[in-house]
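Read through the structure below, which is laid out as structure tokens, and then see the notes.
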Amino acid sequence: MKLEVKVNFDFGKMAQALPKAIDDYTKEYVKDSAMQTKKNIDSSKDKFGKPLKIQYRDGQPLKLTGEMYNSIKQNKNSLSIKEYGYYHDQGLVKTVKGSSNTSNFISTSPENKKKIDDKFMQSVRKALRK
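Count the sequence shown with my numbering and you get residues 17 to 146, in order.
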């Protein structure tokens, strides 16, 4: 019995195209994440649409001084934010009452996630063609 395998794609072409596709994907993801995170803070909602809790002071959560808000930036393929912003996002900042005041506000929009996922898959499919 003889087994014959035919290949209709080029792994070499994909290997050359994949780094750019990944780079483009992460840049778009981070760019939208920075914008969406600021929108979440502006609307006082977490990434699931639930209100950000504030239990220890008046004012808009995460925007009292603007220092953390203004630190949210895209740096090539990464999102930068003041270190304590990460702790807020993880719900690790405790209030006097013992509960976290905010969490889950760093995110990208579901619409953008789908758009960049589709664009990435299109790039991979294109790279696989002979």
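For every residue, glycine included, the Cβ atom is placed at its ideal position computed from N, Cα and C.
Could you give the C-beta distance for Asn-120 and Val-46, rounded to a whole number, given that I count them as a contact under 8 Å? Going by Cβ atoms, the distance from Asn-120 to Val-46 rounds to 18 Å, so no, they are not a contact pair.
- [ ] Compute the beta-carbon to beta-carbon distance between Ala-143 and Met-30, rounded to the nearest angstrom, for a pair I have assumed lies under 8 Å.
- [x] 4 Å
- Query: For Ser-60, does the three-state DSSP call read helix, strand or coil?
  - Reply: coil
What's the C-alpha gap between Lys-130 and Leu-19?
-> 40 Å
Original post:
Rounded to a whole number of angstroms, what is the C-alpha to C-alpha distance between Ser-123 and Thr-42?
Top reply: 13 Å
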